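Visitor: Per the numbering used here, the sequence shown starts with residue 55, numbered consecutively.
Encoded as structure tokens, here's the structure I'll be asking about.
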Amino acid sequence: MERKKIVIVGNGMVGNKICEKLRLKSADLQITVFAEEPIRAYDRVHLTDYFKISSLEELFLSKNEWYAENNIKIHLNDPVVDVNLNKKEVVSLKGEAVPYDYLVFATGSAAFVPPIPGVEKEGVFLYRTVEDLELIKAYAVRARKGAVMGGGLLGLEAAKALVDLGISETAVIEFAPRLMPRQIDDSASALLQSKLAGLGLSCLLQKSTRELLGDGRLTGIAFQDGSVLETDLLVISAGIRPRDELARKAGLSVGERGGILVNAQMQTSDPAVYAIGECALVNDMIYGLVAPGYEMAEIAASHILGEEKAFHGFDMSTKLKLLGVDVASFGDPFVSEPYARTILLEDRNKGIYKRLNVSTDGTRLLGGILVGEAASYNMLLQMVNNNMPLAEHPELLLLGEQRDSKAPGTGLEALPDQALICSCEGVTKAQICDAVMQQGCENADGVKKCTKAGSGCGGCVPMVKDLVNYTMKKQGKYIRSSICEHFDLSRQELYDLIKIHELKTYDQVLDSLGRGHGCEVCKPLVSSLLASLWNEMILDKGNDVAQDSNDRYLANIQKGGTYSVVPRIPGGEITPDKLIVIGEVAKKYNLYTKITGGQRIDLFGAHLNDLPFIWEELIAAGFESGHAYGKALRTVKSCVGSTWCRFGLHDSVSFAIRVEERYRGLRAPHKIKSAVSGCIRECAEAQSKDFGIIATEKGWNLYVCGNGGSKPQHALLLAADIDSETCIRYIDRFLMFYIRTADPLTRTATWLNKMEGGIDYLRNVVVNDSLGMAEQWEDDMQKLVDSYRCEWKVAVEDPNIRKRFVHFVNAPEEKDDTVRFEMMRGQKKAADWNLKTY
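If you want it as structure tokens, here you go:
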């Protein structure tokens, strides 16, 4: 029997997927693929990563030899130009004539280019292919200002690409009154907009472009309202148009506004011809995500081989990280009264917005929006998709209470086996659990190789990891918490290995203990471990590129794109002369000043270029870095103690200064705060700190693992009536134990809450030395204390580090003139320009 001949037109992600599906279902097929691009199929979902990877190989969906190994003939750089439906034959640009039994259109979509005068000018680009990105990358070298037309998913990804290319002055232009208008509401958009503004991205909403300016080369954009935006480079991402021109030419039925008409089996008006992905119009809808395209590929492949499957629509829920900001929407994000009840959480301080839409009887979750924090996205999505009942207090879902619940009938246990975990690859809970129990997959990478779960957009990976752990726990197996796909090690294991091998840079750690090129998870984590172990300048030895953005510039980036300056003031004690210096610096550089709750003076609104000059003056006056930007010791707050207070039992100020100067610069899994109170009246609020000290008639009481913030927690008594030296030793041990064993970004309170045995176990380790590590930990801490150097002092004295602090590499003296301010109570503050206020 002659093998079926299948021709696939298009080799994008969906075209590649149907090749996989067909070959998986049958080896007895003759498959031919025609690709318009000169390279094989690659991951367009993570296209922005192209600027960060070292080789295009990291984006390819398959090895070069995969096609030959699977008996698939591929024609690169040779698009089909003619289809003869009667002869069942296609003809390519290079003259290849190939007959078919079944033809599949996987031609995808093209960027919609609005008919704007001047769109042909030099400096105007699309954002769809690797070739587009290469052109943008080459042009960006001579561009100072960039703009993106389109504030949807792809537009914001394009804006991220421009930032990655070093164009810090980038504007996003959106015709609608909000960003991502199909995914989030006005409040969520306003929050996202303010977060993007803090990263240097301005957003221009409700803007209609009149023309592009410039004599041959782009210089600006003129809007219908008469305003003008100066820009050197424009990326157009204003929507997509289905690539249906070949199908239209062949005589297939297409939609009124484009798209190849298909039925539920993905068949076109010709039963031998199928269309899948962004070129297909199904139920009057074009699906612009990869997951529904993969589902279409499965259905078309099944129908070609005689299986009966149908496409019944697809959930368009989505989760992504835009410039480090979590954004997600699921179910019906916009349903409201009288069809639903809405529960809102809006934390402007932390930049978090959450919206849940529940049924009018309060028993079912209908949809929602998450911005700023989306850890619960996967579980919430499953609750919607599987019609799971809500608990008595659904508002707790906004705080993430459901995610790790151990109560029967909740969380992962309540998910039905058929729950779709990975929508891209159609992988269910049962398949993932089976991979763990029957096929020995004991981490997310193993499950990915076995089932392909998480290999598409990657949004399901957190839930895949949770399911792996859940299944292994049910089997009574030990769970190994790997950091990320680049390190098969827990944070604690990595800490020990870095110490044993005396590794000093991120690259050394990656080369010796990891694989690949690293990611935004492992880079700052490893950087923190290196700092905790060796206490070397964090910007030395090439470690600068692995730091968090705040650590990279030794300052917290603030709203409007400026930075904060926070000198250390140990124990809150400061001389009049030093106060005068701070005032003079603030006046000279026009900085907003504020005394914080931690007894420090914050200076806001500093330009990046000015940071070294500001710190030079502060250091000359005796100040040093306050590490407000780092996961490190922030402050040791104190009351006036016995120095002035008639109730004070001991000199809390002197002891606070001693403690702060001992642990300054100490890097940890999360920020650390402390306080010393001179009596039980607790004016320094020591019991709300990571470690707090309170004077007693016999000495000091040491409290640990307290926490302020969104979930306040009182510290617990570790040791009572101890002298100063013993107190220091216990703090040494406590901090080193925390640094060695806590998970990344875990505060001490959470660390203790997860610790088996709780405070009793911790006391046994720290006070009674049950692990026999006390002497080693005290010695390790002393080495860190002895090696301390003020990071800003090193930075201003080292020319190589100092030259990092410029807005524009090609114009190092120029400041960012897009930063704007307004007056508030006699001081300037960041203006809400181009921001939609709450």
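Even for Gly, the Cβ is constructed at its ideal location relative to N, Cα and C.
Small disclaimer: the values here were computed from a predicted structure and weren't measured.
Let me know the secondary structure DSSP gives Phe365 once reduced to three states.
Guide: Coil, per DSSP.
Visitor: For Thr891, count the other beta carbons within 10 Å of its own beta carbon; 16 or more makes it buried, fewer makes it exposed. Which is it?
Guide: Note that Thr891 scores 27 on pLDDT, short of 50, meaning its location in the model is unreliable; the coordinates nonetheless yield the value given after this. The residue in question, Thr891, is exposed, as its Cβ has fewer than 16 Cβ neighbours within 10 Å.
Visitor: My understanding is that Cys781 touches Ala738, with C-beta atoms under 8 Å, so please give their C-beta distance in whole angstroms.
Guide: The pair is not a contact, with the Cβ atoms about 15 Å apart (cut-off 8 Å).
Visitor: Can you look up Glu670 in the DSSP assignment and give me helix, strand or coil?
Guide: Of the three classes helix, strand and coil, the one that applies to Glu670 here is helix, per DSSP.
Visitor: Using a Cβ-Cβ cutoff of less than 7 Å, which residues in the same chain neighbour Gln529 once the five nearest sequence positions on both sides are dropped?
Guide: Only Met491 meet the Cβ criterion.
Visitor: Hey, out of Val381, Ile397, Arg402, whose CA is closest to His447's CA?
Guide: Of the candidates Val381, Ile397, Arg402, the one whose C-alpha sits nearest the C-alpha of His447 is Ile397.
Visitor: Just tell me which of Leu825, Ile126, Val158, Ser80 has its CA closest to the CA of Gln319.
Guide: That would be Val158, whose Cα lies nearest to the Cα of Gln319.
Visitor: Taking contact to mean at least 3 C-beta pairs separated by less than 8 Å, is the stretch 812-824 in contact with the stretch 633-643?
Guide: Segments in contact, no.
Visitor: Is the shortest distance between the beta-carbon of His704 and the beta-carbons of chain B less than 8 Å?
Guide: As a matter of chain content, chain B is missing from the structure shown, which is built from one protein chain.
Visitor: When every heavy atom of the ligand GDP is checked, does at least one fall within less than 7 Å of the C-beta of Ala498?
Guide: Only the bare structure without any ligand can be found here, which leaves the ligand GDP out of the picture.
Visitor: If you draw a straight line from the C-alpha of Gly508 to the C-alpha of Thr482, how long is it?
Guide: Straight-line Cα distance between these residues: approximately 12 Å.
Visitor: Find out if the Cβ-Cβ distance for the pair Ile330, Tyr156 is shorter than 8 Å.
Guide: No.
Visitor: Use the C-beta contact count for Ala382: other C-beta atoms within 10 angstroms, 16 or more gives buried, fewer gives exposed.
Guide: It counts as buried.
Visitor: Hey, could you find the ends of the alpha helix (DSSP H) Lys641 is sitting in?
Guide: Its alpha helix (DSSP H) spans residues 630-642.
Visitor: Does the count of Cβ pairs from the stretch 353-372 and the stretch 404-420 closer than 8 Å reach three?
Guide: In short, these stretches do not touch, since the Cβ pair count stays below three.
Visitor: Measuring only the C-alpha atoms, how far is Leu420 from Pro443?
Guide: Straight-line Cα distance between these residues: approximately 11 Å.
Visitor: Can you list, in chain order, the residues of its chain with a C-beta nearer than 8 Å to that of Ile537? Leave out the 5 residues immediately preceding and following it.
Guide: Within the same chain, Ile537 has close Cβ partners Leu543, Ser544, Arg545, Leu548, Val575, Cys576, Leu579, Pro798.
Visitor: What does Cys576 pair with, by DSSP beta-bridge criteria?
Guide: Cys576 is not bridged to any residue.
Visitor: By DSSP, does Tyr407 sit in helix, in strand, or in coil?
Guide: In the structure shown, Tyr407 sits in a strand (DSSP, three-state: E or B).
Visitor: Mind checking who Val839 pairs with in its DSSP beta bridge?
Guide: Partner(s): none; Val839 has no beta bridge.
Visitor: Write down the C-beta distance between Thr102 and Asp186 rounded to the nearest angstrom, noting that I regard them as a contact closer than 8 Å.
Guide: About 12 Å; that fails the 8 Å criterion.
Visitor: For Met67 and Val135, what's the separation of their Cα atoms in angstroms?
Guide: About 21 Å.
Visitor: Taking Cβ positions, are Ala722 and Lys743 nearer each other than 8 Å?
Guide: Their beta carbons are not under 8 Å apart, which means Ala722 does not touch Lys743 by this criterion.
Visitor: Hey, out of Ile221, Arg688, Asp269, Ala160, whose CA is closest to Ala710's CA?
Guide: For the residues Ile221, Arg688, Asp269, Ala160, the minimum Cα distance to Ala710 belongs to Arg688.
Visitor: Going by CA-CA distance only, name the one from Ile623, Ser109, Leu255, Thr263 that's closest to Trp184.
Guide: Checking the sequence, you will find Val at residue 184 rather than Trp. When each option's Cα is compared against that of Val184, the closest is Ser109.
Visitor: Note down the Cα distance separating Leu399 from Ser243, rounded to an integer number of angstroms.
Guide: One C-alpha to the other measures close to 14 Å.
Visitor: Kindly identify the DSSP beta-bridge partner or partners of Pro766.
Guide: None, per the DSSP bridge assignment.
Visitor: When the Cα atoms are used, what is the spatial distance from Leu266 to Leu450?
Guide: When rounded, the distance between both Cα atoms is 49 Å.
Visitor: Identify which residue in Ala682, Ala292, Gly342, Val336 has its Cα closest to the Cα of Glu310.
Guide: For Glu310, the nearest C-alpha among the options comes from Val336.
Visitor: For the putative contact between Val282 and Ile290, defined by C-beta atoms under 8 Å, what is the C-beta separation to the nearest angstrom?
Guide: About 18 Å separates the two Cβ atoms, so there is no contact after all.
Visitor: At the level of alpha carbons, what is the spacing between Ala251 and Tyr757?
Guide: About 40 Å.
Visitor: Would a C-beta distance cut-off of 8 Å place Ala394 and Ser413 closer than the cut-off?
Guide: Cβ atoms of Ala394 and Ser413: closer than 8 Å.
Visitor: Provide the residue span of the alpha helix (DSSP H) that contains Gln485, from first to last.
Guide: Looking at the DSSP string, the run of the alpha helix (DSSP H) that includes Gln485 is 483-491.
Visitor: Am I right that Gly746 and Ser696 are in contact with their C-beta atoms under 8 Å? What's the rounded C-beta distance?
Guide: At roughly 18 Å, the Cβ-Cβ gap does not stay under 8 Å, so Gly746 and Ser696 are not in contact.
Visitor: Express the C-alpha separation of Ser222 and Thr616 in angstroms, rounding to a whole number.
Guide: Cα-Cα distance, rounded: 12 Å.
Visitor: With a cut-off of 8 Å on the beta carbons, I'd call Val202 and Val173 a contact; round off their distance for me.
Guide: Rounded, the Cβ-Cβ distance is 14 Å, inconsistent with contact.
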